[in-house]
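Scroll down for the structure; my scribbles are underneath it.
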Amino acid sequence: MNQRFDLGGVIVATTLAFTPDDSAPAGLAVDYERFAAHCEFLLDNGCRGVGPNGSLGEYSSLTDDERRKVVQTAVQTVGGRGLVVAGVHGVGSHQARHWAEIAAEDGADAVLLLPPTIYRANRSEVLAHYAAVNEVGIPIMIYNNPFDTKVDLTPDILAELAELENVVAVKEFSGDVRRVLEIKELAPDLDVIAGADDLLFESLVAGATGWFAGYPNAFPREAVEIYTLVTDGRIAEALELYKHLVPAFRWDSKVEFVQAIKLSIDMAGQSYGGPTRPPRGPLSAEHEAQVRKDTEAALTYIAARTPR
10 MNQRFDLGGV IVATTLAFTP DDSAPAGLAV DYERFAAHCE FLLDNGCRGV GPNGSLGEYS
70 SLTDDERRKV VQTAVQTVGG RGLVVAGVHG VGSHQARHWA EIAAEDGADA VLLLPPTIYR
130 ANRSEVLAHY AAVNEVGIPI MIYNNPFDTK VDLTPDILAE LAELENVVAV KEFSGDVRRV
190 LEIKELAPDL DVIAGADDLL FESLVAGATG WFAGYPNAFP REAVEIYTLV TDGRIAEALE
250 LYKHLVPAFR WDSKVEFVQA IKLSIDMAGQ SYGGPTRPPR GPLSAEHEAQ VRKDTEAALT
310 YIAARTPR
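Numbering (the working numbering), first residue to last: 10 to 317.
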């Protein structure tokens, strides 16, 4: 295992800006300038890095050229100030390996990798998938999201995957906070990264060493503060801040998470969220009202806090 590469800290699964353009897919062109500005905004507010081409970045709705240029834009923008962890998800290992090779060529520091998408792979197929991408030689953060992939990378599977030289971390999104300690017991060299925003506090207290996050797109400074408070042992202070933000954070674990987080970004007013590309459509009136309520409550609390 590559033990030298640390993927701790707050790395943001970046949203992707689109602008209306009749000639672009679904009438929405990738707005690379706004995306670059958003990456700058996140780093300026203390985040350690960015994660382009995740599900929050709507990678599955992008053309191949767009998908590559998004990573290139992130790398050019970050410019060594932080990490770029590129999503390289694919239906099969040949696609995922291709995207990992491209990410490495374009200067990404590491990759985030789901099991095979769409197809519900069995254990041997999952192991073969990661082994193939491991051959690229770039650090890999495994992504366990059994809700979307229907494949649960249980701690025993992760322990086996951790034997691969370039597997260094796992983004844990099973929703079971008990996994943090069990993974650390079975695979002590594998960094456990909190994946669900609404289990962040619990995961960090249990020993997660990082947060690959959604809602820091809207609240980066406060997100970094929660992370820092927990890692500094200031648990009560972290909980006080977290409990005022977690109603909004819960949208990260809902089907409409992309639309919700983009709306929260726009409401926060410091960056640009904007529309989503199909198949994601607009929020229902009911969901939009609730996202607005939860986000406004968080913003009101943030505004009322003593400057730090």
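Heads up, the beta-carbon is just placed ideally off N, CA and C, and yes, glycines get one too.
key: Inter-stretch contact (C-beta, 8 Å, three-pair minimum) for the stretch 191-201 and the stretch 162-181   = The stretch 162-181 and the stretch 191-201 touch, with three or more beta-carbon pairs separated by less than 8 Å.
request  = Please list the segments of the alpha helix (DSSP H) lying wholly inside the stretch 13-69, counting only runs of 4 or more residues, in order along the chain.
outcome  = You should have 41-53.
inquiry  = Just verifying my parser: in three-state terms, what is the DSSP assignment at Val-100?
reply    = Counting from one through the sequence shown, the residue named residue 100 turns up at place 91. Look at Val-100 here: in three-state DSSP terms it is coil, with no helix or strand label.
query = Are three or more beta carbon pairs between the stretch 36-49 and the stretch 242-262 nearer than 8 Å?
reply = Segments in contact, no.
message = Pull the bridge partners of Trp-220 from the DSSP assignment, please.
response = Residue 220 sits at position 211 when you count from the first residue of the sequence shown. In the DSSP assignment, the residues bridged to Trp-220 are Val-19, Ala-203.
query = Can you check whether the CB of Lys-271 is closer than 9 Å to the CB of Gly-278?
reply = Stepping through the sequence shown from its first residue, residue 278 is reached at position 269. Stepping through the sequence shown from its first residue, residue 271 is reached at position 262. Not in contact: Gly-278 and Lys-271 (Cβ atoms no closer than 9 Å).
request  = Give the DSSP-derived three-state secondary structure of Val-84 in the structure shown.
outcome  = The residue given as residue 84 occupies position 75 in the sequence shown. Helix at Val-84.
task = Kindly provide the ranges of any beta strand (DSSP E) runs that are 3 or more residues long and lie completely inside the stretch 212-292, ordered along the chain.
result = The qualifying runs are 219-222.
task = Check the C-beta distance from Val-142 over to Ala-109 and give it rounded, since I have them as a contact under 8 Å.
result = In the sequence shown, residue 142 corresponds to position 133, counting from 1. In the sequence shown, residue 109 corresponds to position 100, counting from 1. Rounded, the Cβ-Cβ distance is 5 Å, consistent with contact.
ask   = Thinking C-beta only, is Ala-38 closer than 9 Å to Thr-28?
value = Counted from its first residue, the sequence shown places residue 28 at position 19. Counted from its first residue, the sequence shown places residue 38 at position 29. Contact: yes.
query = Among Ala-95, Gly-91, Gly-89, Val-300, which one has its Cα closest to the Cα of Arg-77?
reply = Here the question's residue 77 lines up with position 68 in the sequence shown. Closest by alpha carbon: Ala-95.
6 Å Cβ shell around Gln-12 - same chain, five flanking residues per side excluded = Residue mapping note: residue 12 aligns to position 3 of the sequence shown, counting from 1. Caution is warranted here: a pLDDT of 46 is assigned to Gln-12, below 50, making its placement in the model unreliable, and the coordinate value is therefore given only provisionally. Contacts found: Asp-198.
query = Buried or exposed: where does Val-97 fall if 16 or more other Cβ atoms within 10 Å of its Cβ makes it buried?
reply = Start at 1 with the first residue of the sequence shown, and residue 97 comes out as number 88. By the 10 Å Cβ count, Val-97 comes out buried.
request  = Could you have a look at Ala-120 and say whether DSSP puts it in helix, strand or coil?
outcome  = Position 111 of the sequence shown, counted from the first residue, corresponds to residue 120. Looking at the sequence provided, one finds Val at residue 120 rather than Ala. Three-state result, Val-120: strand.
Thr-158 vs Leu-123 beta-carbon contact at 9 Å = Indexing the sequence shown from 1 puts residue 158 at position 149. Indexing the sequence shown from 1 puts residue 123 at position 114. With respect to Leu-123, Thr-158 sits close: the two C-beta atoms are nearer than 9 Å.
ask   = Assuming Phe-221 and Ile-202 make a contact with CB atoms under 8 Å, what is their CB distance in whole Å?
value = Looking up residue 221 in the sequence shown gives position 212. Looking up residue 202 in the sequence shown gives position 193. Yes, Phe-221 and Ile-202 are in contact; Cβ-Cβ is about 5 Å, under 8 Å.
request  = Could you pull out every residue in the same chain whose Cβ sits closer than 6 Å to the Cβ of Ala-26, ignoring the five residues on either side in sequence?
outcome  = The sequence position of residue 26 within the sequence shown is 17, counting from 1. Result list for Ala-26: Asp-40, Arg-43, Phe-44, Tyr-281, Gly-283, in chain order.
query = Mind checking Tyr-236: buried by the 16 CB within 10 Å criterion, or exposed?
reply = Walking along the sequence shown from the start, residue 236 turns up at place 227. Around the beta-carbon of Tyr-236, 16 or more other beta-carbon atoms lie within 10 Å, marking it buried.
request  = Would you be able to state if there are at least three C-beta pairs under 8 Å between the stretch 145-156 and the stretch 125-136?
outcome  = Taking 8 Å as the limit for Cβ pairs, the verdict is that the stretch 145-156 does not touch the stretch 125-136.
ask   = Opposite Lys-302 in the DSSP bridges: which residues?
value = Position 293 of the sequence shown, counting from 1, holds the residue named residue 302. None, per the DSSP bridge assignment.
request  = State the start and end residues of the unbroken beta strand (DSSP E) segment that holds Val-179.
outcome  = By one-based count along the sequence shown, residue 179 stands at place 170. Per DSSP, Val-179 belongs to the beta strand (DSSP E) from 176-181.
inquiry  = For Asn-54 and Pro-229, which I take to be in contact (beta-carbon distance under 8 Å), what is that distance rounded to the nearest angstrom?
reply    = Within the sequence shown, the letter at position 45 stands for residue 54. Within the sequence shown, the letter at position 220 stands for residue 229. That pair is a contact at about 4 Å.
inquiry  = For Pro-288, tell me which candidate among Asp-200, Leu-213, Gln-268, Arg-301 has the shortest Cα-Cα distance.
reply    = Here residue 288 is taken as the residue at index 279 of the sequence shown, counted from 1. With distances taken between Cα atoms, Pro-288 lies closest to Gln-268.
task = Excluding the 5 residues preceding and the 5 following Leu-238 in the sequence, name in chain order all residues of the same chain whose CB lies nearer than 6 Å to its CB.
result = The residue you call residue 238 lines up with position 229 of the sequence shown. Only residues of its own chain outside the window of five on either side were considered, and among them Glu-246, Ala-247 have a CB closer than 6 Å to the CB of Leu-238, listed in chain order.
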